[in-house]
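Numbering (the working numbering), first residue to last: 42 to 348. Notes follow the structure.
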Ligand SMILES: [Cu+2]
């Protein structure tokens, strides 16, 4: 009511007393914006869980025509408080609209909008591009930086850095879900693995993908091994090889890990690409692993909807 009164009393002083879906509110969904003169874009996003969220964009034509099959591009961007800009891995950043004018992609965010202290880290947005028109939609990303695990390439697995030299290629590993269902004899941990090609470009780590194509840092991926272990990981026999999920490049599923599904689970993961184990940069032993841990608030999926 207060807001309504303010809008009524100060129509000339306030430039925007918009609806709850207006562009300055980047925490509520769905949000609808004009996309050029002829279209509207509606963005919906699930909660961000460990840096992972599903984003659906709907495009509708103001004249009501069907847009099925037309191309859409989503471009994520973070403008850091420092001024540095970067993108983030997306399952697909381009595609075509379905019969309802919708396009869905999974976003894997590299960092939160705000530090745990509340101080800003930077501003996230997704730019929707369709039929030569684009609109940028701000997002608030809630996660903690340690949701994303990183591994590094060796001296022979490099990309260009921002000053024109080289830097180790970075691999990003995300916790997608634990799937535990004893009735179905399912006990699985699912991750997504991507790598940075440049500050703006990222790609899934999957057989056949070519990173940094047509540059001196080109890497054709012809062998990926993702291994997981949930207990007594100093014993090599306790490591299992995760399987690549069909038709989902970058997703790997470790089966039969004996997970409890609560906060006692700890899963170590290691990644080998083209026979080179990627390194976490630590100087201690076991430098080739990252560890996923779970808090009490994490819930395990007991469904099989993602199978
Ligand atoms: Cu950032």
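Even for Gly, the Cβ is constructed at its ideal location relative to N, Cα and C. Please read all numbers here as calculations on a predicted model, not as lab measurements.
Have a look at the options and flag the residue whose alpha-carbon is nearest the alpha-carbon of residue i.
i, options, result
"residue 115", "96, 215, 101, 188", "96"
"residue 220", "214, 158, 230, 211", "230"
"residue 107", "201, 223, 79", "79"
"residue 303", "280, 287, 284, 338", "338"
"residue 282", "289, 125, 288, 265", "265"
"residue 168", "225, 228, 84, 186", "84"
"residue 248", "256, 123, 258, 262", "262"
"residue 275", "125, 312, 330", "330"
"residue 257", "205, 160, 129", "205"
"residue 355", "123, 196, 88, 128", "An answer regarding residue 355 cannot be provided, because it is not within the stretch 42 to 348 covered by the chain."
"residue 89", "105, 188, 125", "188"
Quick test of your reading: residue i and residue j, contact by CB under 8 Å. State the CB separation rounded to the nearest angstrom.
i, j, result
"residue 333", "residue 310", "7 Å"
"residue 212", "residue 191", "7 Å"
"residue 267", "residue 243", "Residue 267 to residue 243, Cβ: 17 Å. No contact."
"residue 260", "residue 198", "7 Å"
In its own chain, which residues sit with a C-beta less than 6 Å from the C-beta of residue i, not counting the 5 before and 5 after it?
i, result
"residue 111", "138"
"residue 57", "Because the pLDDT at residue 57 is just 40, under 50, the model does not fix this residue reliably, and the value given afterwards should be weighed accordingly. Correct list: empty, nothing qualifies."
"residue 295", "230, 269, 281, 283"
"residue 176", "74, 76, 82, 169"
"residue 101", "81, 142"
"residue 186", "152"
"residue 86", "70, 94, 96"
"residue 288", "none"
Given this structure, state the Cα-to-Cα distance separating residue i from residue j, to the nearest angstrom.
i, j, result
"residue 327", "residue 307", "Note that residue 327 scores a pLDDT of 49, beneath 50, so its modelled location is shaky; the value from the coordinates is reported in the next line. Each residue's alpha carbon lies about 15 Å from the other."
"residue 156", "residue 184", "9 Å"
"residue 135", "residue 180", "19 Å"
"residue 141", "residue 182", "27 Å"
"residue 335", "residue 241", "30 Å"
"residue 99", "residue 255", "34 Å"
"residue 224", "residue 305", "21 Å"
"residue 193", "residue 312", "10 Å"
"residue 246", "residue 103", "39 Å"
"residue 222", "residue 174", "46 Å"
"residue 286", "residue 128", "25 Å"
"residue 316", "residue 125", "33 Å"
"residue 109", "residue 226", "40 Å"
"residue 158", "residue 105", "46 Å"
Checking 7 Å against the spacing of the C-beta atoms, do residue i and residue j come in under that value?
i, j, result
"residue 298", "residue 318", "no"
"residue 92", "residue 121", "no"
"residue 235", "residue 322", "no"
"residue 8", "residue 148", "One cannot answer for residue 8 here, as it falls past the ends of the chain, which runs 42 to 348."
"residue 232", "residue 217", "yes"
"residue 144", "residue 113", "yes"
"residue 228", "residue 118", "no"
"residue 154", "residue 133", "no"
Looking only at its own chain, which residues have a Cβ that is under 7 Å from the Cβ of residue i, when we skip the five neighbours before and after it?
i, result
"residue 202", "208"
"residue 238", "200, 244, 252, 253"
"residue 250", "244, 262, 290"
"residue 166", "118, 177, 178, 179, 180"
"residue 381", "The displayed coordinates of the chain run from 42 to 348. Any statement about residue 381 would go beyond what the structure contains."
Is any heavy atom of ligand 3 found at a distance shorter than 6 Å from the C-beta of residue i?
i, result
"residue 203", "This structure lacks ligand 3; the ligands present are ligand 1."
Report all residues from its chain with a CB closer than 8 Å to the CB of residue i; omit the five preceding and five following residues, and keep chain order.
i, result
"residue 64", "Summary for residue 64: the model assigns pLDDT 45, below 50, so the residue's position carries little reliability, and this model does not support an answer."
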